[in-house]
Each structure stands twice: as C-alpha cells, then as structure tokens.
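Heads up, the thing below is written out as structure tokens.
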Amino acid sequence: MLKRLIKILIFSIITISILWLGINHIYRFKEPDPMNELVSSIIKVEDQFSTEKIQDEEDLFQTIEKGLLEGKDSIIIDNKLINDDGSFLFDTIEQVLMSNPEIMYYKGGRYRKGLLSFEYSKPIEDIKLHQEAIRKKRDEIILHNIRSDMSDYEKVKTIHDYIIDITKYDRRYLNDEEVPDESHSVYGVLNEGVALCGGYAKTMKYLLDAVDIECIVVIGKTKYDNHAWNIIKIDGYYYHIDATWDDPVTADGSDVLSYDYFNLKDEDIEKTHSWNRADYPQCNSDKHNYYYYNGLVVNSYNDFYNRIEKSLLNKNKVFQIKVLGFDEEIYNIPNTINVIVNDKIQLIDIKDYRYRINDEQGIVTIEFNYNR
-5 MLKRLIKILI
5 FSIITISILW
15 LGINHIYRFK
25 EPDPMNELVS
35 SIIKVEDQFS
45 TEKIQDEEDL
55 FQTIEKGLLE
65 GKDSIIIDNK
75 LINDDGSFLF
85 DTIEQVLMSN
95 PEIMYYKGGR
105 YRKGLLSFEY
115 SKPIEDIKLH
125 QEAIRKKRDE
135 IILHNIRSDM
145 SDYEKVKTIH
155 DYIIDITKYD
165 RRYLNDEEVP
175 DESHSVYGVL
185 NEGVALCGGY
195 AKTMKYLLDA
205 VDIECIVVIG
215 KTKYDNHAWN
225 IIKIDGYYYH
235 IDATWDDPVT
245 ADGSDVLSYD
255 YFNLKDEDIE
265 KTHSWNRADY
275 PQCNSDKHNY
285 YYYNGLVVNS
295 YNDFYNRIEK
305 SLLNKNKVFQ
315 IKVLGFDEEI
325 YNIPNTINVI
335 VNDKIQLIDI
345 KDYRYRINDE
355 QGIVTIEFNY
365 NR
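Read in our numbering, the sequence shown has 86 at position 92, and its numbers run on one by one without any break.
In structure tokens:
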C-alpha cells in the first residue's frame, strides 16, 4: 500500500509570512495487492470433485499449514474433504496464510486427483534459512523489550514502536520499481528493515502472537489502494492498528513515529480505510486508543490553547493532541503559537517549530526548537 506522504515544513516564529503547504494523503492509482502472494493464482481446480462436504475442517487446516510451513512441494488431500467446486480448499489456504506469518514466499497452488501441490517464489533452502532468521530475531526482541510486568497495552505499544523504529517503507514501490518478495514478509521487517504494508502487518501479528496478544491481519483498502493492517485485542476490546500509516513517508526522508492509527475504533478508521466487516471483530472502544489512554484529547479552543502554552512553558520538544471536531480555521496553529509567545515573551524563547495535521483524525503534532 502506498503510505501517506506527509510534508513537514519548518515554521519560523520570527517570519510570520510562512504558509502551510502540507498535504495529508497522496495516493497511487496503480495498486498491487499488499498480500498478493496470498491470493494470486492460488489454486486451479482441474478435476470434478466428490460432492461430499468437508467433514473435518480443523484437520484440513492443520495439514495445509504443516505442509506450507515445512516448504513441502505437495501434500495428499482426500477427495472427500473437498466440496464440489473446491472453494473451501481455496478459503482454507488463504486462512492458513493469514494466520501464520512464518509461511513465506508462497506463490500458488494446484489441486489434482487428491494431490495439492505448492509453488514458491524462492528455493526451499532459502525459505528455511529465512524462517530460522526471523525466529531468532523474534526471540531476541521479546527477550530485550518485553517484561513480564507489562500490561497488554504496553506490550502492543512497545512492539508497534519497535517495528516502526527499525523499518522504512520500501520506496521502490513509490518509484514504480520491482519490489522483492522480502518486502511482503516478516523477514523484510526484522532482517532487512524494509517492507510494504503486508510486511508491517504480518510482523505485528508475528510478534504479538509471541506475547499471547490476539492479533489479526486485516485485508482491505484505502481510498485508492489495497492495504493490510491489524486488529488486536486488549482487555476484551478490539482495536484497529496500522503500523504502516504510523510510519509515514516524509518529504525530507526524516523518521517519524506516529500514533494516529494506534488502537482505533471502526468509526474512526473508516474515514480512510475500508474492509469487509463481516469477516472481522467489531471495534467500538476508545479506552486503549493512544490519545484517550494518555489524556491527550480536547474539545475546545481554550483547552487547545492552554495545552500548547503549557507545553511551551515546560519546554517540551514534542506536542501531540487529538481535537474533537477539528477545524483548521478555528485551531489555527501559527496564530495560536504567535499569540502565546507574544503574551509570554519573557518566558518562552523558541527558535522555530514545525507541525503536521491529520485532518481525518483531528490530530495535531508540533515539534519545537528552543534557543536555549
């Protein structure tokens, strides 16, 4: 998925003529499927199957999962486990691929006379090496970053931040260049530090599975693109979390760690994302949303003004807030900062600042630089 392109411009506190030129989203019209290895040419049904329906779905799932995980060329499937058009076999393969991020580089499959054959985009020897590599990295990450006394919220945030810290979005896609299969995988994130949205989403699931936090890979769309993100469960509540969009591509190439898409409910993420809701749990809570959880939500200009003023007086380098009912004409950031600085000119010695606005979520982020 093409990520949001956020242009962050520096605003001088002295030069009042600077204009806001940032944009929130730039989309690509030529969209690859972020999980293309999951759904392209996945199966070709060449025979008439028995019309007897599948009797043991769990056994079929486990058999396919074991075969793919071990990099088998083929496995035997009893014809009586296949429905009349083979669609359930297709669905089961897709479910397996979604549920186990260690299955990598699957290219497609074919079923004929009880034999289900698999194709991979890499040699089996390379796949096994990559599997071992991500298992080793997973164990190291959990050992050095996750403590037993952490809450589930803290574990999710730690893993979210870690993935964003070590990963850059694969700009080869932005430049219409060929993107390697690694960028769709956990290996791309953990071992190469480069990925597309499928890689981010699979890695979130891979690491959260390791700390026993329920996590689902969601396949959906943004305004123009196919996209992948996650739904997680904390203390009985489900939330959307999009690590790709929390690691935005910036115009100057600088790294940004965002929480704009950290634990959102359906009605918030639906402003930019779409998905088949019947296939996924309902997300309807704000309890563990980053901004609500940390008390960073305002619903009036006076509160907004006071929060910025306090941040400047405390010489905080970063200011973040979620504004309910955000209107940029009302919450004019340059004007607000100018008024605050002029009112507290002896107390606030600011050199310059830069900011970004997420209009859809009503989130304002400001970075301050001080003279001393």
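Cβ atoms here follow ideal geometry from the backbone N, Cα and C, with glycine treated the same way.
For Ala222 and Ser115, the rounded distance between their alpha carbons
21 Å
Give a yes or no on whether 8 Å exceeds the smallest Cβ distance from Arg106 to chain B.
No chain B is present in this structure, which holds just one protein chain.
Just confirm the distance between the C-beta atoms of Val150 and Ile69, as a whole number of angstroms; I'd bet it's less than 8 Å.
So it is not a contact: roughly 35 Å between Cβ atoms.
Give the DSSP bridge partners of Gly102, in chain order.
Glu113
Give every residue of the same chain whose Cβ lies closer than 8 Å to the Cβ of Tyr325, excluding the five residues on either side of it in the sequence, and list them in chain order.
Counting only Cβ-Cβ distances below 8 Å, and skipping sequence neighbours, we find Tyr295, Phe298, Val317 and Val358.
For Arg350, does the count of other Cβ atoms within 10 angstroms reach 16, so buried, or fall short, so exposed?
buried
With 16 other CB atoms within 10 Å as the buried threshold, where does Leu137 fall?
exposed
Once DSSP output is grouped into helix, strand and coil, what is the label at Lys227?
strand
Assuming Lys259 and Asp240 form a contact by the criterion Cβ under 8 Å, report the distance between their Cβ atoms to the nearest whole angstrom.
Not really, about 16 Å apart at Cβ, beyond 8 Å.
What residues are listed by DSSP as bridge partners for Asn232?
With the sequence shown as reference, residue 232 is identified as Tyr, and Asn is not the correct amino acid for it. Answer by DSSP bridge pairing, in chain order: Lys227.
Run through the segment 304 to 341 for me and flag every whole alpha helix (DSSP H) of 4 or more residues, listed as ranges in chain order.
Runs of alpha helix (DSSP H) with 4 or more residues, each lying fully within the segment 304 to 341, are found at 327 to 337, listed in chain order.
Can you tell which of Asn300, Asp120 and Asn224 has its C-alpha closest to the C-alpha of His267?
Asn224
Ends of the alpha helix (DSSP H) at Lys131?
Ile118 to Asn139
DSSP beta-bridge partners of Leu258
His234
According to DSSP, is Tyr181 part of a helix, a strand, or is it coil?
Helix, per DSSP.
Inter-stretch contact at 8 Å, needing at least 3 Cβ pairs: the segment 275 to 291 / the segment 325 to 342
no
DSSP three-state call for Ser68: helix, strand or coil?
strand
Please report the Cβ distance between Lys101 and Glu113, rounded to the nearest whole angstrom; I am assuming they are in contact, meaning their Cβ atoms lie under 8 Å.
4 Å
Hey, Val243 and Tyr163: beta-carbon distance below 8 Å or not?
yes
For Lys199 versus Pro95, is the C-beta spacing smaller than 8 Å?
yes
Pull up the distance between the alpha-carbon of Glu181 and that of Ile344, whole angstroms please.
Sequence inspection shows Tyr at residue 181; the Glu mentioned does not correspond to that position. So the alpha carbons of these two residues sit roughly 43 Å apart.
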